[in-house]
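J.:
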Amino acid sequence: MGKKSTKDILAQLRAEAAAKKGEPAPQQESAAGAAAGGGPAEKPAVPKKPAAAGGSTKDILAAARAQAAGGGAPAAKPAAAAKPAAKPAAGAKAAAAKPAGERPSVQEMLRAAREGRPLQPAEPPREAAAFRKPVSPAAAKKARPEKTAAPLTRRQALIETITSPFVMAWVAFATATAAFLLATLRFLIPNILVEPPSRFKIGIPSDYPPDMVSTKWTPEFGVWVVNTVYEGQRQIFALISVCTHLGCTPNWLDGEQKFKCPCHGSGFYITGINFEGPAPRPLERAAIALAPDGTLEVDKSQKFQQEMGQWENPSSYVPVV
Ligand code: FES
1226 MGKKSTKDIL AQLRAEAAAK KGEPAPQQES AAGAAAGGGP AEKPAVPKKP AAAGGSTKDI
1286 LAAARAQAAG GGAPAAKPAA AAKPAAKPAA GAKAAAAKPA GERPSVQEML RAAREGRPLQ
1346 PAEPPREAAA FRKPVSPAAA KKARPEKTAA PLTRRQALIE TITSPFVMAW VAFATATAAF
1406 LLATLRFLIP NILVEPPSRF KIGIPSDYPP DMVSTKWTPE FGVWVVNTVY EGQRQIFALI
1466 SVCTHLGCTP NWLDGEQKFK CPCHGSGFYI TGINFEGPAP RPLERAAIAL APDGTLEVDK
1526 SQKFQQEMGQ WENPSSYVPV V
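According to this note's numbering, the sequence shown is numbered sequentially starting from 1226.
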């Protein structure tokens, strides 16, 4: 038995549909007659389209699709199922090759009709049905798998805690508060200027030979210790190393036996009397005395000025005998 043509299958389906409804079956066109092209006596009448059967190709295909979709639609054509399967292996192969849930094509429907097997159910697979079904956003969110955050390590947790805005804000606030408190505390503590004591010992008188100026105590206490003759009397006295012009510190020039101020050139003799430059008056003396232990003791808290006649005060010198 040869392979049925599409035309034959359609005609058969129409005939079966008409038989179901109790109508006369439409005449079938003989393929052989048509192929022979004989005279009008042998040529079978061309089957007219049964209007009552509704058997257009479109209708038949729609019925076949409905059958495939529902499995028992009233418009389905049972004739195809009654047909013996010509090539069941090929049909099954095609059905298996077709993806499940996909709408069968015309060729497949015709092939199924030729083979007499029902069309593959058009029921979509679960995944495809779920995909096509309109899903509300809430349901989609619920169905979406939740992201499972990886557990933080201790180091990551510490870093996240430290770098959090809350902690950083508190650190900034604590730092500003501490700085403010420190500034306040520093403001409450007065500046302390450490000055050398005004009273200090400079050794015994023999440490200062005649007509010599000792600069030993100048850097620390700001005095020169001089052993010279003043007003006909050899004496040891302490000259304060501050220029009487504007307060610079003069230098002792041993070769020239004078004090020379580097600021404006004032000059002073070894006795402290000014003799050149802008200095208006002699250098000042500090109080000096011989302590009970035989050492010389200087007291800068007492000063003696030559122009005031204070160098005559015994506290301004220690006589050398
Ligand atoms: Fe010494 Fe002016 S300060 S000469």
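Backbone N, C-alpha and C fix where the C-beta goes; we use that ideal spot for every residue, glycine too.
Being a predicted model, the structure only gives us computed values, none of them experimental.
1. Taking C-beta to C-beta, are Glu1509 and Ile1465 nearer than 7 Å?
2. Could you give the DSSP three-state label for Pro1422: helix, strand or coil?
3. What does the Cβ neighbour count give for Glu1340, buried or exposed, with the cut at 16 atoms within 10 Å?
4. Would you check if the distance between the CB atom of Pro1475 and the CB atom of Asn1452 is smaller than 7 Å?
5. Can you check the segment 1443-1522 for any alpha helix (DSSP H) of at least 4 residues that lies completely inside it and give the ranges in chain order?
6. Helix, strand or coil, according to DSSP, for Ser1541 in the structure here?
7. Check this for me: beta carbons of Val1454 and Ile1427, under 7 Å apart or not?
8. Just to check, is the beta-carbon of Gly1428 closer than 6 Å to a non-hydrogen atom of ligand 1?
9. If we call anything under 7 Å between Cβ atoms a contact, is Arg1459 one with Val1543?
10. Less than 7 Å between the C-beta atoms of Gln1482 and Pro1507, yes or no?
11. Counting C-beta neighbours from all protein chains within 10 Å, is the total for Leu1410 16 or more, i.e. buried, or is it exposed?
12. So is Ala1315 buried or exposed if we call it buried at 16+ other beta carbons inside 10 Å?
13. From the DSSP output, which residues share a beta bridge with Ser1439?
14. Can you round the beta-carbon distance between His1489 and Pro1505 to whole angstroms, since I take them to be within the 8 Å contact cut?
15. For my contact list, Ala1463 and Ile1513 are in at a C-beta cut-off of 8 Å; report their separation, rounded to the angstrom.
16. Does the beta-carbon of Ile1495 have 16 or more other beta-carbons within 10 angstroms, so that it is buried, or is it exposed?
17. If we ignore side chains and look at the alpha-carbon of each, how far apart do Ala1511 and Gln1527 end up?
18. Assuming Ile1429 is part of the alpha helix (DSSP H), what are its boundary residues?
19. Classify Lys1367 as buried or exposed, calling it buried when 16 or more other Cβ atoms lie within 10 Å of its own Cβ.
20. With DSSP as the reference, label Gln1237 as helix, strand or coil.
21. By DSSP, does Gln1527 sit in helix, in strand, or in coil?
22. On the premise that Ser1423 lies in contact with Asp1524, defined as a C-beta separation below 8 Å, what is that separation, rounded to the nearest angstrom?
23. Closer than 6 Å by C-beta to Glu1522: which residues in its own chain qualify, once you throw out the five before and the five after it? Chain order, please.
24. Compute the minimum distance between the beta carbon of Ser1491 and the heavy atoms of ligand 1, and state whether it is under 6 Å.
25. Are there 16 or more other CB atoms within 10 angstroms of the CB of Met1533, so buried, or fewer, so exposed?
26. Can Leu1464 be considered in contact with ligand 1, in the sense that its beta carbon sits closer than 6 Å to one or more heavy atoms?
T.: In terms of the structure at hand:
1. Reading the sequence shown from its first residue, position 284 is the one you call residue 1509. Reading the sequence shown from its first residue, position 240 is the one you call residue 1465. Cβ distance < 7 Å, so Glu1509 and Ile1465 count as in contact.
2. Within the sequence shown, numbered from 1, the residue matching residue 1422 stands at position 197. In the three-state DSSP reduction, Pro1422 falls in the coil class, being neither helix nor strand.
3. One-based indexing of the sequence shown puts residue 1340 at position 115. Buried, by the Cβ-count rule.
4. The residue given as residue 1475 occupies position 250 in the sequence shown. The residue given as residue 1452 occupies position 227 in the sequence shown. No, Cβ-Cβ distance for Pro1475 and Asn1452 is not below 7 Å.
5. Runs of the alpha helix (DSSP H) inside the segment 1443-1522: 1443-1446.
6. Counting from 1 along the sequence shown, the entry for residue 1541 is found at position 316. Here Ser1541 sits in helix by DSSP.
7. In the sequence shown, counting from the first residue as 1, residue 1454 sits at position 229. In the sequence shown, counting from the first residue as 1, residue 1427 sits at position 202. Between Val1454 and Ile1427, the C-beta gap is not smaller than 7 Å, which leaves the two residues out of contact.
8. Along the sequence shown, one-based indexing puts residue 1428 at 203. Checking every heavy atom of ligand 1 against the Cβ of Gly1428, none is found closer than 6 Å.
9. As a working note, residue 1459 is residue 234 in the sequence shown. As a working note, residue 1543 is residue 318 in the sequence shown. For Arg1459 and Val1543, no; Cβs fall outside 7 Å.
10. Taking the first residue of the sequence shown as position 1, residue 1482 is located at position 257. Taking the first residue of the sequence shown as position 1, residue 1507 is located at position 282. No.
11. By 1-based counting over the sequence shown, the position of residue 1410 is 185. With fewer than 16 other Cβ atoms within 10 Å, it is exposed.
12. As a first step, residue 1315 must be located in the sequence shown, where it is residue number 90. A caution first: Ala1315 carries a pLDDT of 45, below 50, which makes its placement in the model too unreliable to give a value.
13. As a position in the sequence shown, residue 1439 is number 214, starting the count at 1. Beta-bridge annotation (DSSP): Ser1439 is paired with Val1450.
14. For the purposes of this step, residue 1489 is identified with residue 264 of the sequence shown, where counting begins at 1. For the purposes of this step, residue 1505 is identified with residue 280 of the sequence shown, where counting begins at 1. With a Cβ gap of about 11 Å, His1489 and Pro1505 do not count as contacting.
15. Position 238 of the sequence shown, counting from 1, holds the residue named residue 1463. Position 288 of the sequence shown, counting from 1, holds the residue named residue 1513. Going by Cβ atoms, the distance from Ala1463 to Ile1513 rounds to 5 Å, so yes, they are a contact pair.
16. Within the sequence shown, residue 1495 is the residue found at index 270, counting from 1. Under this definition Ile1495 is a buried residue.
17. For the purposes of this step, residue 1511 is identified with residue 286 of the sequence shown, where counting begins at 1. For the purposes of this step, residue 1527 is identified with residue 302 of the sequence shown, where counting begins at 1. Inter-residue distance for Ala1511 and Gln1527 is about 6 Å (C-alpha atoms, whole angstroms).
18. Residue 1429 sits at position 204 when you count from the first residue of the sequence shown. Counting along the chain, Ile1429 sits inside no alpha helix (DSSP H), nor does DSSP assign it H or E at all.
19. Locating residue 1367 in the sequence shown gives position 142, where the first residue counts as 1. Exposed, since its Cβ has fewer than 16 Cβ neighbours within 10 Å.
20. On the sequence shown, residue 1237 is found 12 positions in, with the first residue counted as 1. In this structure, DSSP gives Gln1237 a helical state, which the three-state scheme calls helix.
21. By 1-based counting over the sequence shown, the position of residue 1527 is 302. Shown here, Gln1527 sits in a strand according to DSSP, grouped into three states.
22. By one-based count along the sequence shown, residue 1524 stands at place 299. By one-based count along the sequence shown, residue 1423 stands at place 198. With 8 Å as the limit, Asp1524 and Ser1423 qualify as a contact, their Cβ atoms being about 6 Å apart.
23. Translated into the one-based positions of the sequence shown, residue 1522 becomes position 297. Answer for Glu1522: Lys1426, Ala1514, Ala1516, listed in chain order.
24. Locating residue 1491 in the sequence shown gives position 266, where the first residue counts as 1. Checking the Cβ of Ser1491 against ligand 1 gives yes.
25. Reading the sequence shown from its first residue, position 308 is the one you call residue 1533. Its Cβ having fewer than 16 others within 10 Å, Met1533 is exposed.
26. Counted from its first residue, the sequence shown places residue 1464 at position 239. At a cut-off of 6 Å, the beta-carbon of Leu1464 does not count as near ligand 1: no heavy atom of the ligand is closer than that.
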